[in-house]
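With the sequence shown counted from 1, adding 712 to any position gets you our numbering. Input: a single structure, listed below in structure tokens.
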Amino acid sequence: MRKLFAFLTAFLLCLPGATASMAAEGGSLRITEMAVTTKVSHNNPIDAVRRINHRSVPALYCFTRIVNPSGEEAPIRHVWYRNGEVVGEQELQIKGQKWRTWSKRPIDRDSIGTWRVEALDSGGKLLKSVEFRIN
Numbered sequence: 713m714r715k716l717f718a719f720l721t722a723f724l725l726c727l728p729g730a731t732a733s734m735a736a737e738g739g740s741l742r743i744t745e746m747a748v749t750t751k752v753s754h755n756n757p758i759d760a761v762r763r764i765n766h767r768s769v770p771a772l773y774c775f776t777r778i779v780n781p782s783g784e785e786a787p788i789r790h791v792w793y794r795n796g797e798v799v800g801e802q803e804l805q806i807k808g809q810k811w812r813t814w815s816k817r818p819i820d821r822d823s824i825g826t827w828r829v830e831a832l833d834s835g836g837k838l839l840k841s842v843e844f845r846i847n
């Protein structure tokens with residue numbers, strides 16, 4: 713039975729488009745950590761911002777740690793919202809089974825408000841979100 717399953721799996725992986733659909737169904741991306749931070753050092757966030765003054769730093773980063781069971785390259789998107797409106801998007805590539813990535817957003821006086829960053833998979837499914845406030 714195991715040999716039959718291995719054979720069928722190998723056969724299906726040879727079909728065009730089978731890899732992407734199987735990865736999406738069986739091994740979907742999972743975010744294990746997501747934080748808005750003032751700096752990424754040695755591929756890790758140095759803090760987790762919940763509230764910050766716009767004069768504190770010139771930019772904020774949304775750090776995301778992801779588990780990708782298939783190990784195949786897959787895109788995610790960070791969508792940045794201020795006061796409920798989209799103000800920026802960035803596509804990021806996941807290139808392994810365990811991956812860390814981040815997007816960056818400059819901040820200034822015009823950035824004051826309630827913020828949210830959403831991480832979406834290639835199909836637009838919400839993987840995780842984080843909220844914070846800029847004063």
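We put the CB at the ideal spot given by N, CA and C, even for glycine. Source: prediction; values computed, not measured.
Could you check where the beta strand (DSSP E) with residue i kicks off and where it finishes?
| i | result |
| --- | --- |
| A831 | G825 to L832 |
Look up residue i in the DSSP assignment and say whether it is helix, strand or coil.
| i | result |
| --- | --- |
| A760 | coil |
| T744 | strand |
| H766 | coil |
| V842 | strand |
| T750 | coil |
What whole-angstrom Cβ distance do residue i and residue j have, given they're in contact under 8 Å?
| i | j | result |
| --- | --- | --- |
| I743 | T776 | 6 Å |
| N795 | L741 | With 8 Å as the limit, N795 and L741 do not qualify as a contact, their Cβ atoms being about 28 Å apart. |
| W814 | V752 | 5 Å |
| K810 | M746 | The Cβ separation is near 15 Å, so there is no contact. |
| F844 | R763 | 7 Å |
| E785 | K807 | 5 Å |
For this session: Could I get the ranges of all uninterrupted beta strand (DSSP E) runs contained in the region 772-822, with 3 residues as the minimum, in chain order?
Result: 786-794, 797-806 and 810-818
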